[in-house]
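Taking it in order: structure first as structure tokens, then the write-up.
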Amino acid sequence: MKRHLYSFVLGALLIFAHSAAQAANSYLPTPDNPTEMQRKAAAAERRAAAREKVAAAKQVSKMKKLSVKTNRFAAKMQHVMFVVLGLEESKGVTSPRQLRRQLHGHQKQLKLHAKMQSRIRRSHTHD
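Those letters in the sequence shown? Residues -23 to -1, 1 to 104, by mature numbering (1 follows the signal peptide of the UniProt record, and there is no 0).
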């Protein structure tokens, strides 16, 4: 009995689905309609223009990245030439100003460390 009921429900469902699909297809415009053809042509042109715009933007982005890389490489080569000619110092050589700044930072760190150790010693001796 259940088998007959399930087959009946399934058959009814298929019939209704088929009729609904046919009803949906009947609302589609015919391709012979000139206004529909114009609308489709205009939509195709818009899609083509959008694709061209995206391609142009990608090309511009690619050229910008390439020019940045080229400029960086040129700057590095120029620095190397100046170092070879003796007009600039190598980046491996630390300038006196930078050395003084590093020394000052190191001294401040040592001073802070000594102050902390002093506080710790004082707190342990007073207990």
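Glycine included, every Cβ here is placed at the ideal spot set by N, Cα and C.
- Item | Span of the alpha helix (DSSP H), counted from its first residue to its last, around E13 | E13 -> alpha helix (DSSP H) spans P11 to L62.
- Item | Three-state secondary structure (DSSP) of V(-15) | V(-15): helix per DSSP, three-state reduction.
- Query: From R16 to E29, what does the alpha carbon distance come to, in whole angstroms?
  - Reply: When rounded, the distance between both Cα atoms is 20 Å.
- Item | C-alpha distance - D44 paired with A51, whole-angstrom precision | Looking at the sequence itself, residue 44 is Ser, so the reference to Asp does not match. Looking at the backbone, the Cα of S44 and that of A51 are separated by about 10 Å.
- Item | Segment limits, alpha helix (DSSP H) that includes G82 | Start and end: P73 to T102.
- Item | Between the CA atoms of R98 and G69 - distance to the nearest angstrom | Each residue's alpha carbon lies about 42 Å from the other.
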